[in-house]
Amino acid sequence: MMIYPAKIGALIKRYGKRRIRRIIPIHSTVDNFYLALVFATDAGMYSFCDAIYGHRVKRDYAAMVQPWPDARPCLGLILLTAGRCGAGLISHEMVHAAGMAIDINLDRKKDEALALKVGHMVSQFYRSYQRV
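The sequence shown lines up with residues 2 to 133 when you count with the working numbering.
Pasting the structure below:
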């Protein structure tokens with residue numbers, strides 16, 4: 002059983018199995034990891050984000066990476082919903098997470114462009130691969 006840093010653990014406990022379907026550790030290195038939280042619904046994920054930020058957040062994203070620098074060895078959270086776990090979206094969010102893990106320092110526009118491009122390319126691959 003994994004021991005979560007206190008802040009993250011408290012939020013996960015508060016939202017519980019009713020809203021969070023799966024918790025998946027994604028290791029960046031042997032010593033550092035992200036927690037991928039797969040929510041049952043978009044509403045559950047947005048509500049969790051509201052709790053993180055302390056106010057109502059925009060509802061204009063399908064997933065997100067939330068760095069958590071004061072919770073090492075956990076680098077942050079990758080927030081997803083069960084109905085949107087396709088290869089393109091997952092790889093898109095993993096690009097953001099990897100960039101943060103190695104402190105690549107791309108500006109926001111370039112970081113998003115890279116994530117969109119990788120997500121699109123991976124999605125194309127899997128659509129073609131699954132037809133074979």
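Each residue gets a CB set at the ideal place from its N, CA and C atoms; glycine is no exception. Predicted model, so just to flag it, every value in this text is computed and none were measured.
Check whether the segment 65-76 touches the segment 88-103, taking contact to mean three or more Cβ pairs, one atom from each stretch, closer than 8 Å.
yes
Would you mind working out which of G55, C50, R73, A72 sits nearest Y62, comparing C-alpha positions?
C50
CB A41 to CB R15, shorter than 8 Å?
no
Cβ shell of R85 (< 7 Å), same chain only, five flanking positions each side left out
A63, A64
G120 to A11 span [Cα, whole Å]
31 Å
Which residues in the same chain have their Cβ closer than 6 Å to the Cβ of I13, if we skip the five residues on either side of it in sequence?
none
With 16 other CB atoms within 10 Å as the buried threshold, where does H28 fall?
exposed
For the alpha helix (DSSP H) containing L90, name the first residue and the last one.
88-102
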